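Participant: Dropping the structure in here first, questions after.
Protein chains: 2
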Amino acid sequence: MQSRSRQELQELVREQLQVLLEQENFQGAKALLVPVQFADITEAIEGLPEAMQAIAFRLLSKEEAIEVFEYPDPSVQQTLVEDFKRQDVQYIVDRMSPDDRARLFDELPAKVVRRLLQQLSPLERDATALLLGYTPNTAGRIMTPEYLSLKENVTVAQALEQIRSLANLRETIYYMYVIDDASRLTGILSLRDLIVAQPDQTIGSIMTREVVFVNTNTDQEEVARTIQHYDFMAIPVVDTEQRLVGIVTVDDVLDILEQETTEDIHALGGLESGGDNYFQTNLFTVARKRVVWLLILLVTNSATAAVITNQEDILEKVVALTAFIPLLIDTGGNVGAQSSTVVIRGLNTEEVRPKEALGIVKREAIAGILLGTMLGIVVVIWAFFLQGNWLVAIAVGISLFSICILASVSGSALPFLFRSLGLDPALMSAPFITTAVDVLGVLIYLNIARWILSFS
Amino acid sequence: MQSRSRQELQELVREQLQVLLEQENFQGAKALLVPVQFADITEAIEGLPEAMQAIAFRLLSKEEAIEVFEYPDPSVQQTLVEDFKRQDVQYIVDRMSPDDRARLFDELPAKVVRRLLQQLSPLERDATALLLGYTPNTAGRIMTPEYLSLKENVTVAQALEQIRSLANLRETIYYMYVIDDASRLTGILSLRDLIVAQPDQTIGSIMTREVVFVNTNTDQEEVARTIQHYDFMAIPVVDTEQRLVGIVTVDDVLDILEQETTEDIHALGGLESGGDNYFQTNLFTVARKRVVWLLILLVTNSATAAVITNQEDILEKVVALTAFIPLLIDTGGNVGAQSSTVVIRGLNTEEVRPKEALGIVKREAIAGILLGTMLGIVVVIWAFFLQGNWLVAIAVGISLFSICILASVSGSALPFLFRSLGLDPALMSAPFITTAVDVLGVLIYLNIARWILSFS
Numbered sequence: 023m024q025s026r027s028r029q030e031l032q033e034l035v036r037e038q039l040q041v042l043l044e045q046e047n048f049q050g051a052k053a054l055l056v057p058v059q060f061a062d063i064t065e066a067i068e069g070l071p072e073a074m075q076a077i078a079f080r081l082l083s084k085e086e087a088i089e090v091f092e093y094p095d096p097s098v099q100q101t102l103v104e105d106f107k108r109q110d111v112q113y114i115v116d117r118m119s120p121d122d123r124a125r126l127f128d129e130l131p132a133k134v135v136r137r138l139l140q141q142l143s144p145l146e147r148d149a150t151a152l153l154l155g156y157t158p159n160t161a162g163r164i165m166t167p168e169y170l171s172l173k174e175n176v177t178v179a180q181a182l183e184q185i186r187s188l189a190n191l192r193e194t195i196y197y198m199y200v201i202d203d204a205s206r207l208t209g210i211l212s213l214r215d216l217i218v219a220q221p222d223q224t225i226g227s228i229m230t231r232e233v234v235f236v237n238t239n240t241d242q243e244e245v246a247r248t249i250q251h252y253d254f255m256a257i258p259v260v261d262t263e264q265r266l267v268g269i270v271t272v273d274d275v276l277d278i279l280e281q282e283t284t285e286d287i288h289a290l291g292g293l294e295s296g297g298d299n300y301f302q303t304n305l306f307t308v309a310r311k312r313v314v315w316l317l318i319l320l321v322t323n324s325a326t327a328a329v330i331t332n333q334e335d336i337l338e339k340v341v342a343l344t345a346f347i348p349l350l351i352d353t354g355g356n357v358g359a360q361s362s363t364v365v366i367r368g369l370n371t372e373e374v375r376p377k378e379a380l381g382i383v384k385r386e387a388i389a390g391i392l393l394g395t396m397l398g399i400v401v402v403i404w405a406f407f408l409q410g411n412w413l414v415a416i417a418v419g420i421s422l423f424s425i426c427i428l429a430s431v432s433g434s435a436l437p438f439l440f441r442s443l444g445l446d447p448a449l450m451s452a453p454f455i456t457t458a459v460d461v462l463g464v465l466i467y468l469n470i471a472r473w474i475l476s477f478s
Numbered sequence: 023m024q025s026r027s028r029q030e031l032q033e034l035v036r037e038q039l040q041v042l043l044e045q046e047n048f049q050g051a052k053a054l055l056v057p058v059q060f061a062d063i064t065e066a067i068e069g070l071p072e073a074m075q076a077i078a079f080r081l082l083s084k085e086e087a088i089e090v091f092e093y094p095d096p097s098v099q100q101t102l103v104e105d106f107k108r109q110d111v112q113y114i115v116d117r118m119s120p121d122d123r124a125r126l127f128d129e130l131p132a133k134v135v136r137r138l139l140q141q142l143s144p145l146e147r148d149a150t151a152l153l154l155g156y157t158p159n160t161a162g163r164i165m166t167p168e169y170l171s172l173k174e175n176v177t178v179a180q181a182l183e184q185i186r187s188l189a190n191l192r193e194t195i196y197y198m199y200v201i202d203d204a205s206r207l208t209g210i211l212s213l214r215d216l217i218v219a220q221p222d223q224t225i226g227s228i229m230t231r232e233v234v235f236v237n238t239n240t241d242q243e244e245v246a247r248t249i250q251h252y253d254f255m256a257i258p259v260v261d262t263e264q265r266l267v268g269i270v271t272v273d274d275v276l277d278i279l280e281q282e283t284t285e286d287i288h289a290l291g292g293l294e295s296g297g298d299n300y301f302q303t304n305l306f307t308v309a310r311k312r313v314v315w316l317l318i319l320l321v322t323n324s325a326t327a328a329v330i331t332n333q334e335d336i337l338e339k340v341v342a343l344t345a346f347i348p349l350l351i352d353t354g355g356n357v358g359a360q361s362s363t364v365v366i367r368g369l370n371t372e373e374v375r376p377k378e379a380l381g382i383v384k385r386e387a388i389a390g391i392l393l394g395t396m397l398g399i400v401v402v403i404w405a406f407f408l409q410g411n412w413l414v415a416i417a418v419g420i421s422l423f424s425i426c427i428l429a430s431v432s433g434s435a436l437p438f439l440f441r442s443l444g445l446d447p448a449l450m451s452a453p454f455i456t457t458a459v460d461v462l463g464v465l466i467y468l469n470i471a472r473w474i475l476s477f478s
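Residue numbers (our numbering), protein chains in the order written: chain A, 23 to 478; chain B, 23 to 478.
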C-alpha cells in the first residue's frame, strides 16, 4: 500500500504544481515544493508539461536543485538542459518582475551551472541567462565553464596527465583552479608552476592560496579592470558560497572594454547606446533614440530663448550685441566640454577618485581663469575690429572671461555630482553644462553690456 | 711593420672619426667606416670618448654592427650597453632630424636588439628608443625580449626541459617561437601543443607554420587590434628581414588600447592629448594646450559674428528673432555631434570602413530629416507659446529642420573627409562642424525669417 499512497502523493503534488504554475502563482508553487521529498519532486517535475519543467526546477532550493539535477536517471538532466533552451520558458520568466525572479529563484548550485553552461552554446547561454538568474553585464553572463579544476591532493604528474587529455576541451589551460570537495575555490596554479615543479609534488604544496576572484554578480567592467590591473590572462568567478562556477578570459575583456568605451563615447556625444551596432539598427530606432536627448536639450535651450526675450530692450537698443551671442555660448560650451571630458574619462578609467573632486574643481577653476584671460583679451581686439565699438568689445571680453570660469567649474563639478548621485556622468553632464553656460552666460553678457553701455 | 702600420691606420681612423663626430658630420663618419675592417672599427670605436662610442656604433651597417657587438672581448658589449643608457648620447641623436636619423642608422641586427633590450630596464629602453631607431607608438617601442625561442630540430622533451630552466626569466612561456639559424621566424607553438605532443616528436613537426606577426614599425594601435582580433596572448615582432626581435603581450595591449581611447575621447572633447596624465600636468601647460583649440574655434565663431553683423537689419526690425539663435545653433551642434561621434568611433574601432562613406552619409541624412521633422514641429509650437508670433515660430521651425539635415550630413561626412586626408577625424571634425552649423545655420535662419516676414 506504501507504493500506492506514494504514487497518489506524487500525482497530487504534480497536479497542484501544474495548477499553480498555470496560474503563474510561482510563490505558491515554491511553497508547495518545500516539504516534499526530492525523489517525489523529480517525479512530479517529470510529469509536468515540458514548458513548466524548467520553471519548477528553478523554484527549487539550492540543495534540492542539485539532487534533482543529479537524479540517477540521466535523461532527467538532459531533459532539463533542453528545457533551458526553450523559448516559451524564457518568455514566462521574462514576464516576472526582476525582484520576483530574485526572490523565487535560488542561486543555482555550482555543479549545475557548470553542466548547463557546458551543454549550452554561448548563444543559448545568453538567451537562457534569465533562467540562470544572472543579470546582464555581470561576470555570470560572460563567464565560460571551460576551465581546468584540480584537487589539492593530486600530484604534478597526475595533473599534467589530466591536462594532456583535456587540453583541447578547455578555453585556457594556462591557469588551473584548485577546488575542495564542495567545489569551493581554494587555490590557483599556472601551467608555468606545474612545468617547473617536481612530478611527485602535490598540487596543494605548490599552488597559490591567495586567489583574486570575482563574484557572479560583479559588473563586467569591474571584471575587466581587475584583469587589466593584475595583468591576468583569466580570472575565476565564484558564487556566494565561494564555489567556482566559471572563468572570464582576457580576450573577452578586450571586447568588453571596447564595448564599454563605445558606450562612454556615445554617451559623451549625446547618444543612448544599447550595446547594439548603430550601423545595423533600423533608422527609425536610431532617430527615436537620438530625439529624446535632443528634446531634453531643446527644452533647456528654451530657457536661453526666454532669457533673451526677457532682455530684448537692451538688444533693441544695441543690435550689435547679438552678433557675439553664438561666439560666447559656443566658447563656453567648448571650455565646459574640455573640463568635463577630462573628468568623465578620468572617472571611467578610475584615474580620478570621487574624493579628489574638490582639488580637481579648484584646478579647473584656475585653468578657467587662465583661459578666460587669454581668450578675453583676444576677443576684445577681435570684437572691436569687427564692429568698431569699444564698449561692446569690452562687454564681450569681460563676459567671455566670466563664462570661461563658469564653464570650467560646472564642467568639472557636474560629473562628480552625477557620479555621487549614481547617474552616468557621461550621459548627464552635457545638457546641464549647456544650460548653465547658455542661460547664465547670456544673462551675464546682457547685464554686463547693460552696465557698461550705461556709461556711454 | 704590419702591426705598426695597422696601429697607425687605427689611430688615423679613430682621429678622423672623432673629428667628424665632433663636427656632427655623421654622413661623413658613416662613409669613413664603410671600407674599414671590422676589427679596426672596434679598436677605433673603443678609442673614442665615451659619448661618441654609441653614435659611431649606430652608424655601422647591420653586418658590421653585429660583428663589433659580438667582438671577442666581452667588455666591448658591456661598454656599448652602458653607452646606450647615456643621456648625452641621446641628446645628440635627439637633435638629428628624423629623416637624417633614418638614413644614417641602419636597422640593428636582431641579436643586438635582443641583447640590448634584455640589459636595459623598460625605463631605459624607452629613453634609448631613439638610439634603437624605433619611432614612438610602434611595436618596436613596446616589445619585450622576454620570449622563448626554439629551433625546429629540438625534441618536445628537450623543449620542455629548456622551458623549465627559463620559465622564471620569460614574460610568457605559453607561446614559443621557432627560429632558424639566421633568427628568422619560421613557426609558432603553444605550451598546449607541447604538453599534448609525444616527448620524442620534433618541434618542426608539431609547430604551426602560418605565423601572424607584426613589424617593428607597425603602429601600436594596429598591434593591439591584431591581438584583439585573433584573441592572442602575445604576438611576435620581426624586423625587415623577418628576424624575430621581440614579442608584444596582451596585458600591454590592454593598456595601449586604454591610452589610445583616452586620446580619442580627449580629441573629441577638444583636448590635445600628449599621452601624459592631465591631472599631473602643470596648469599652465594644460591651459596652453587647451587654448590653441579654443582660439581656432573662436576664429570660426567670428565668422558667425560677421554674418550676424551683416544681417543686422532684419534683427533690428524683429528683435524677437534673436531669442532663438542659441537654440538653433546648439541643437545643430548636438545633432552634428551625434552623427560625428558614431562615425568617428566606428572609424577608430574599424567597424566602419572609409569605402562605406556614401552609404553612411545617406543614412545620416535620412536620420537628419526624421530628427528635423520631429524637432521642427515641437519648436514651432514652443516658439509660438514663448513669443506669440506665428511667423517667427514658423521661421524657427523651418530653420531647425534645415539645420538638422545640414548638421547630420556634415557631422557624418567630415570625419570621412579628414580620414582620407590623413588627419585625425576626432580632432578635426568639431571646429568644422561647429562652423558649418553656426555660419550656415544663422544664414539660413535669418534669410528664411526675412522671406517669411516679408508676408506680414
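From the three backbone atoms N, C-alpha and C, an ideal C-beta is built for every residue, glycine too.
Note that the structure is a prediction, hence the values are computed from the model and not measured.
(1) According to DSSP, what are the bridge partners of glycine 268 of chain B?
(2) Consider the Cβ of isoleucine 195 of chain A: report whether some Cβ of chain B lies at a distance smaller than 8 Å.
(3) Could you name the residues of chain B that leucine 207 of chain A contacts, counting a contact when the two beta carbons are closer than 7 Å?
(4) Counting Cβ pairs, one atom from each stretch, are 3 or more of them under 8 Å apart for the segment 232–239 of chain A and the segment 204–213 of chain A?
(5) Under three-state DSSP, which class holds aspartate 286 of chain A?
(6) For isoleucine 420 of chain A, which residues from the same chain have a beta carbon less than 6 Å from its beta carbon, with the 5 sequence-adjacent residues on both sides left out?
(7) Just tell me which of A/Glu30, A/Thr64, A/Ala78 has its CA closest to the CA of leucine 42 of chain A.
(8) With 8 Å set as the bound, which would you pick, yes or no: does the beta-carbon of tryptophan 412 of chain B sit closer than that to a beta-carbon of chain A?
(9) Would you call the segment 455–475 of chain B and the segment 411–427 of chain B touching, i.e. three or more CB-CB distances under 8 Å?
(10) Count Cβ pairs between the segment 310–320 of chain B and the segment 276–295 of chain B that sit closer than 8 Å; are there 3 or more?
(11) Taking the continuous alpha helix (DSSP H) assigned at leucine 462 of chain A, which residues delimit it?
(12) Over the uninterrupted beta strand (DSSP E) stretch that includes glycine 209 of chain A, give me the two end residues.
(13) How would you list, in chain order, the residues of chain A whose beta-carbon sits under 8 Å from the beta-carbon of alanine 309 of chain B?
(14) Establish whether the CB of methionine 255 of chain B and some CB of chain A are separated by less than 8 Å.
(15) Using only alpha-carbon positions, find the residue among A/Ala417, A/Leu182, A/Val134 that is nearest to alanine 87 of chain A.
(16) Helix, strand or coil, according to DSSP, for valine 176 of chain A in the structure here?
(17) I'd like the span of the alpha helix (DSSP H) that includes tyrosine 252 of chain A, first residue to last.
(18) Is it true that the CB of proline 258 of chain B sits closer than 8 Å to the CB of tyrosine 199 of chain B?
(19) For the segment 460–471 of chain B, list every residue whose C-beta sits within 8 Å of some C-beta in chain A, in sequence order.
(20) Who are the Cβ neighbours of aspartate 62 of chain B in its own chain at under 7 Å, not counting the five residues just before and after it?
(21) Quick check: the Cα distance between threonine 284 of chain B and arginine 367 of chain A, rounded to an integer number of angstroms?
(22) If you drop the 5 nearest sequence neighbours on each side, which residues of the same chain put their C-beta closer than 7 Å to that of arginine 117 of chain B?
(23) Leaving out five residues before and five after glutamate 244 of chain A in sequence, what residues of the same chain have Cβ atoms less than 8 Å from its Cβ?
(24) Decide yes or no for the touch test of the segment 359–377 of chain A against the segment 436–455 of chain A: beta carbon pairs closer than 8 Å, at least 3 of them.
(25) Once you ignore the five residues that flank threonine 395 of chain B on each side, which residues in its own chain have a CB closer than 7 Å to its CB?
(26) Kindly indicate which three-state DSSP category serine 171 of chain B falls into: helix, strand or coil?
(27) The segment 431–457 of chain A: which residues have C-beta closer than 7 Å to a C-beta of chain B, in chain order?
(28) Between the C-alpha atoms of threonine 177 of chain B and tyrosine 197 of chain B, what's the straight-line distance to the nearest angstrom?
(29) Taking the alpha-carbon positions, what's the proline 144 of chain A to glycine 155 of chain A distance?
(30) When you compare each of B/Ala379, B/Phe127, B/Leu462 to alanine 435 of chain B by their alpha carbons, which one comes out closest?
(31) Residues of chain B with CB closer than 7 Å to the CB of tryptophan 404 of chain A, please, in chain order.
(32) What number of angstroms, rounded off, separates the C-alpha of alanine 448 of chain A from the C-alpha of glycine 433 of chain A?
(33) If you measure beta-carbon to beta-carbon, which residues of the segment 209–221 of chain B are closer than 7 Å to chain A?
(34) Helix or strand or just coil, what does DSSP make of valine 200 of chain B?
(35) If you run the structure through DSSP and keep just helix, strand and coil, what is valine 340 of chain A?
(36) First and last residue of the alpha helix (DSSP H) that includes isoleucine 195 of chain B?
Facilitator: In short, the structure shows the following:
(1) B/Val259
(2) yes
(3) The contacting residues do not exist; leucine 207 of chain A stays about 22 Å from chain B at best.
(4) yes
(5) helix
(6) Ile470
(7) A/Ala78
(8) no
(9) yes
(10) yes
(11) Careful: leucine 462 of chain A lies outside any alpha helix (DSSP H) and carries neither H nor E.
(12) 207–212
(13) Ala389, Leu392, Leu393, Met396
(14) yes
(15) A/Val134
(16) coil
(17) 242–252
(18) yes
(19) Asp460, Val464
(20) Leu31, Gln32, Val35
(21) 7 Å
(22) none
(23) Val236
(24) yes
(25) Phe423
(26) strand
(27) Thr456
(28) 16 Å
(29) 16 Å
(30) B/Ala379
(31) Ser324
(32) 11 Å
(33) Leu213, Arg214, Ile217, Val218
(34) strand
(35) coil
(36) Element bounds for isoleucine 195 of chain B: n/a, residue is neither H nor E.
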